[in-house]
Amino acid sequence: MQSARQSYGRSIAAHAILATYTVIALFPVFVVIINSFKTRKAIFRSPLSLPDAESFSWIGYETVLKQGDFFLYFQNSLTVTVVSLALVLLFGAMAAFALSEYRFKGNTMMGLYLALGIMIPIRLGTVAILQLMVASGLVNTLTALILVYTAQGLPLSIFILSEFMRQVSDDLKNAGRIDGLSEYRIFFRLVLPLVRPAMATVAVFTMIPIWNDLWFPLILAPAEETKTITLGSQVFIGQFVTNWNAVLSALSLAILPVLVLYLIFSRQLIRGITAGAVK
Amino acid sequence: MGSLKLQGIHKSFGSVDVLKGIDLEVNDGEFVIFVGPSGCGKSTLLRTIAGLEDTTSGSIEIDGRLVNNTPPSERGIAMVFQTYALYPHLTVRDNMSLGLKQAKRPAAEIKDSVSTASSMLSLDELLDRRPAELSGGQRQRVAIGRAIVRKPDLFLFDEPLSNLDAALRVNTRLEIAALHRRLEATMIYVTHDQVEAMTLGDRIVVLHDGIVEQVGSPMELYNSPANKFVAGFIGSPQMNFIDAAALDRSDAKTIGIRPEHIQPNKKSGDVKGRVSHVEHLGGDTNLYLETENAGLISIRLFGEHQFEIDATLFAKFDDKRVYRFGDDDKTLQ
Ligand SMILES: Nc1ncnc2c1ncn2[C@@H]1O[C@H](COP(=O)(O)OP(=O)(O)O)[C@@H](O)[C@H]1O
Ligand SMILES: [Mg+2]
Numbered sequence: 005m006q007s008a009r010q011s012y013g014r015s016i017a018a019h020a021i022l023a024t025y026t027v028i029a030l031f032p033v034f035v036v037i038i039n040s041f042k043t044r045k046a047i048f049r050s051p052l053s054l055p056d057a058e059s060f061s062w063i064g065y066e067t068v069l070k071q072g073d074f075f076l077y078f079q080n081s082l083t084v085t086v087v088s089l090a091l092v093l094l095f096g097a098m099a100a101f102a103l104s105e106y107r108f109k110g111n112t113m114m115g116l117y118l119a120l121g122i123m124i125p126i127r128l129g130t131v132a133i134l135q136l137m138v139a140s141g142l143v144n145t146l147t148a149l150i151l152v153y154t155a156q157g158l159p160l161s162i163f164i165l166s167e168f169m170r171q172v173s174d175d176l177k178n179a180g181r182i183d184g185l186s187e188y189r190i191f192f193r194l195v196l197p198l199v200r201p202a203m204a205t206v207a208v209f210t211m212i213p214i215w216n217d218l219w220f221p222l223i224l225a226p227a228e229e230t231k232t233i234t235l236g237s238q239v240f241i242g243q244f245v246t247n248w249n250a251v252l253s254a255l256s257l258a259i260l261p262v263l264v265l266y267l268i269f270s271r272q273l274i275r276g277i278t279a280g281a282v283k
Numbered sequence: 311m312g313s314l315k316l317q318g319i320h321k322s323f324g325s326v327d328v329l330k331g332i333d334l335e336v337n338d339g340e341f342v343i344f345v346g347p348s349g350c351g352k353s354t355l356l357r358t359i360a361g362l363e364d365t366t367s368g369s370i371e372i373d374g375r376l377v378n379n380t381p382p383s384e385r386g387i388a389m390v391f392q393t394y395a396l397y398p399h400l401t402v403r404d405n406m407s408l409g410l411k412q413a414k415r416p417a418a419e420i421k422d423s424v425s426t427a428s429s430m431l432s433l434d435e436l437l438d439r440r441p442a443e444l445s446g447g448q449r450q451r452v453a454i455g456r457a458i459v460r461k462p463d464l465f466l467f468d469e470p471l472s473n474l475d476a477a478l479r480v481n482t483r484l485e486i487a488a489l490h491r492r493l494e495a496t497m498i499y500v501t502h503d504q505v506e507a508m509t510l511g512d513r514i515v516v517l518h519d520g521i522v523e524q525v526g527s528p529m530e531l532y533n534s535p536a537n538k539f540v541a542g543f544i545g546s547p548q549m550n551f552i553d554a555a556a557l558d559r560s561d562a563k564t565i566g567i568r569p570e571h572i573q574p575n576k577k578s579g580d581v582k583g584r585v586s587h588v589e590h591l592g593g594d595t596n597l598y599l600e601t602e603n604a605g606l607i608s609i610r611l612f613g614e615h616q617f618e619i620d621a622t623l624f625a626k627f628d629d630k631r632v633y634r635f636g637d638d639d640k641t642l643q
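The listed protein sequences derive, respectively, from chains A and B.
Position one of the first sequence corresponds to residue 5 (our numbering), numbered consecutively onward.
Position one of the second sequence corresponds to residue 311 (our numbering), numbered consecutively onward.
If you want it as structure tokens, here you go:
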């Protein structure tokens with residue numbers, strides 16, 4: 005009895021902590037979204053109140069959508085994020101498989117070297133990266149961003165995935181080898197499906213910093229036709245006047261695609277977990 | 311068809327020598343058991359034969375063909391794993407046919423092969439299920455079926471029964487024995503369970519620390535073990551080992567006597583002791599004597615017997631069944 009009551013109390017405490025955290029985390033998003041639907045005056049008068057009949061306004065969204073390039077920015081962000089993500093997952097999983105599956109000289113050193121990037125922020129190398137991009141003529145291309153983000157995402161992805169791949173049964177891979185499957189088929193057909201939850205985790209962790217990044221778009225691809233959504237939204241922030249309606253609307257819109265991607269991956273994540281539980 | 315010849319097989323992982331020079335010949339159609347304690351290198355040896363591990367040195371011939379550099383799928387072998395290792399995303403039918411599909415065999419032949427194997431193992435009703443929908447015993451039968459479908463020259467089993475519960479283990483053991491008679495294929499079967507080894511094998515290879523201790527038929531190993539390790543490993547309960555000095559004998563270092571070759575006696579015998587524990591197994595009774603100078607001695611009696619705990623008894627050895635081991639633990643003749 006005692007322990008039941010205790011665990012009940014404990015679960016209330018846990019939920020209270022989680023709920024508090026959720027509120028704190030979601031609050032800024034909530035403020036951004038409600039204010040994006042208000043007139044400029046209403047935003048400043050009472051930033052925390054919901055839009056009502058008097059203060060409701062589409063003006064922010066109209067400004068953003070009329071600014072013709074907005075869809076292009078969107079498209080750029082989406083291209084960069086999706087392509088980088090795909091490359092990070094593909095190469096990360098392949099490197100993780102090699103590290104966890106094959107015994108070769110320097111295996112451990114290689115693993116450490118590849119994981120080193122987790123501790124060293126890639127921005128420290130910005131100047132060298134810029135020089136490299138200038139030399140190779142990649143400045144103001146999405147390719148430059150994709151390359152940098154792929155490099156940025158790989159260390160964590162290799163680290164997490166190789167840990168998971170070590171847990172995949174050796175017998176299963178060996179059964180595949182005896183049946184004559186190539187190493188590629190063993191990797192793609194047997195191993196990858198079993199580490200899908202880990203892939204989803206890596207995808208979420210990789211995707212969000214890429215989508216939100218302002219630094220590299222500003223430095224490597226500030227041209228009009230390669231601007232990402234975060235950079236594009238900056239046009240509304242002036243040195244003296246800031247068009248708050250437009251900024252807030254742009255930010256609200258920018259949440260959408262990343263939310264969709266997140267929902268896709270988190271469903272994978274849950275499906276992976278339950279599939280494992282039944283097996 | 312499926313003979314196997316191993317010569318001087320060495321295998322090390324880094325600086326650890328796991329296999330230290332294995333020589334072995336297996337004849338066509340034989341059922342050979344590799345038995346030994348956990349960690350002695352049985353699985354490593356089996357994986358080396360399958361081509362899943364490279365040897366550090368030594369040669370492997372299957373069917374008279376040197377296969378050191380042949381990939382597993384072309385060695386004419388099939389393997390059944392302890393953890394079943396079925397492909398989780400494929401149905402039972404696809405699990406069984408994948409190997410032949412990879413080898414680009416005609417569809418009719420694959421179908422034929424799968425249906426023969428599935429009727430042999432009564433898997434017909436399960437063909438369209440996935441591994442997740444099967445019980446442990448069914449999964450292991452599918453794994454065996456997958457091996458049969460490949461029509462290999464050489465079957466390799468790596469502790470296929472150790473994940474099954476006791477009743478299922480006996481059934482599957484009988485099934486594997488029947489399979490061997492029916493297919494007349496060469497089979498190598500790894501186990502750490504000496505009962506499985508004794509009941510299944512034509513010949514048993516006892517491994518210990520990466521070397522072969524003895525090769526022989528089950529009764530050869532039981533009746534004339536080459537050394538103390540084999541004597542202790544084969545037979546249950548374990549053979550009693552007694553320091554020869556404790557018995558005032560100078561013709562050996564250690565004396566060995568199996569529990570079933572000792573009789574309790576109220577008046578006289580080789581050693582005197584006190585009954586410390588009695589186990590009633592129904593068919594057998596195991597009696598444990600705490601002796602004055604020879605340590606704990608186990609005695610196995612046929613049928614039901616009653617003993618008082620703490621009663622004083624003598625143990626009388628069957629002299630013809632006493633084994634003598636020398637300083638190097640080898641059996642003395
Ligand atoms: N891939 C490996 N890397 C390093 N050591 C290994 C590897 N595989 C097996 N070993 C070692 O080899 C020894 C024998 O293992 P194994 O053949 O699995 O034993 P058994 O099957 O007889 O229980 C063990 O000590 C184990 O730690
Ligand atoms: Mg083993």
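Using N, Cα and C, we set each Cβ at its ideal position, and we do this for glycine too.
Just so we're clear, the structure is a prediction, and the values are computed from it rather than from any experiment.
Inset, instruction - Taking all protein chains shown into account, decide if T24 (chain A) is buried (16 or more other Cβ within 10 angstroms of its Cβ) or exposed. - result: exposed
Inset, instruction - Kindly list, in the order they appear in chain A, the residues whose Cβ is closer than 7 Å to that of H399 (chain B). - result: P197
Inset, instruction - Select from the region 374 to 389 of chain B all residues with a C-beta closer than 9 Å to any C-beta belonging to chain A, and list them in chain order. - result: P381, P382, S383, E384, R385, I387, A388, M389
Inset, instruction - Look at the alpha carbon of V195 (chain A) and the alpha carbon of R49 (chain A), and state the distance between them as a whole number of angstroms. - result: 57 Å
Legend entry - Closer than 8 Å at the beta carbon, the chain A residues around G409 (chain B): I182, D183, G184
Inset, instruction - Consider the Cβ of A179 (chain A): report whether some Cβ of chain B lies at a distance smaller than 8 Å. - result: yes
Inset, instruction - Might you give, ordered along the chain, the residues of its own chain that have their beta carbon closer than 8 Å to the beta carbon of K283 (chain A), omitting 5 neighbours on each side? - result: Its pLDDT being 38, under 50, K283 (chain A) is placed unreliably in this model, and the coordinates cannot settle the point.
Legend entry - Rounded straight-line distance, which links the Cα of D503 (chain B) to that of A119 (chain A): 43 Å
Legend entry - Reference V390 (chain B), options A:A179, A:V208, A:S253, closest by Cα: A:A179
Legend entry - Cβ contact (3+ pairs, closer than 8 Å) linking the region 456 to 467 of chain B and the region 373 to 392 of chain B: yes
Legend entry - Same chain, Cβ closer than 6 Å to I214 (chain A), neighbours up to 5 away in sequence not counted: T85, S88, Y153
Legend entry - Outcome for M529 (chain B) when other beta-carbon atoms lying within 10 angstroms are tallied against a minimum of 16: exposed
Legend entry - Proximity test, Cβ basis, 8 Å: S173 (chain A) and chain B: yes
Legend entry - Euclidean distance between Cα positions of E335 (chain B) and I372 (chain B): 10 Å
Legend entry - Whether R562 (chain B) touches G446 (chain B) by CB criterion (8 Å): This sequence places Ala at residue 562 (chain B); Arg is not what is there. Contact flag unset, no.
Inset, instruction - May I ask whether a heavy atom of ligand 2 can be found less than 7 Å away from the beta carbon of E469 (chain B)? - result: yes
Inset, instruction - For L624 (chain B), I'd like the list of residues in its chain whose CB is within less than 6 Å of its CB, leaving aside the five on either flank, ordered along the chain. - result: Reading the sequence as shown, one finds Phe at residue 624 (chain B) and not Leu. Answer for F624 (chain B): N575, S578, G579, K582, listed in chain order.
Inset, instruction - Whole angstroms is fine: what's the gap from S586 (chain B)'s alpha carbon to A487 (chain B)'s? - result: 40 Å
Inset, instruction - Using the Cα positions of M5 (chain A) and Q448 (chain B), report the straight-line distance between them to the nearest angstrom. - result: Residue confidence is low: M5 (chain A) scores 49 on pLDDT, short of 50, so the model does not pin down where it sits. Its coordinate-derived value is still stated next. M5 (chain A) and Q448 (chain B): Cα-Cα distance of roughly 42 Å.
Legend entry - Sequence-distant residues of the same chain with beta carbon closer than 6 Å to G542 (chain B), five excluded per side: Q548, M549
Inset, instruction - Using 10 angstroms around the beta-carbon of T112 (chain A), count the other beta-carbons present and answer buried if the total reaches 16, otherwise exposed. - result: exposed
Inset, instruction - Taking 5 Å as the limit, tell me which residues put their C-beta closer than that to any heavy atom of ligand 1, in chain order. - result: B:F323, B:V328, B:S348, B:G349, B:C350, B:G351, B:K352, B:S353, B:T354
Inset, instruction - Would you mind working out which of B:I609, B:E443, B:S429 sits nearest I572 (chain B), comparing C-alpha positions? - result: B:I609
Inset, instruction - Determine the contact status of F41 (chain A) and S11 (chain A), defining contact as a CB-CB distance below 8 Å. - result: no
Legend entry - Where Y77 (chain A) falls: helix, strand or coil (DSSP): helix
Inset, instruction - Classify I498 (chain B) as buried or exposed, calling it buried when 16 or more other Cβ atoms lie within 10 Å of its own Cβ. - result: buried
Inset, instruction - Kindly indicate which three-state DSSP category V172 (chain A) falls into: helix, strand or coil? - result: coil
Legend entry - 8 Å Cβ shell around A621 (chain B) - same chain, five flanking residues per side excluded: R584, V585
Legend entry - Proximity of G333 (chain B) and M311 (chain B) at Cβ, strictly below 8 Å: Just to set this straight, residue 333 (chain B) is Asp in the shown sequence, not Gly. No.
Legend entry - Candidates B:R403, B:L599, B:R479, B:L517, of which the one nearest I619 (chain B) by Cα: B:L599
Inset, instruction - Using three-state DSSP, classify M389 (chain B) as helix, strand or coil. - result: strand
Inset, instruction - Write down the C-beta distance between V206 (chain A) and L263 (chain A) rounded to the nearest angstrom, noting that I regard them as a contact closer than 8 Å. - result: With a Cβ gap of about 18 Å, V206 (chain A) and L263 (chain A) do not count as contacting.
Legend entry - Rounded C-alpha distance that separates R253 (chain A) from Y65 (chain A): Per the sequence shown, the amino acid found at residue 253 (chain A) is Ser instead of Arg. When rounded, the distance between both Cα atoms is 5 Å.
Inset, instruction - For the beta strand (DSSP E) holding E497 (chain B), just list the boundary residues, first then last. - result: As written in the sequence, residue 497 (chain B) is Met, which differs from the Glu given in the question. From DSSP, the beta strand (DSSP E) with M497 (chain B) extends over 496 to 501.
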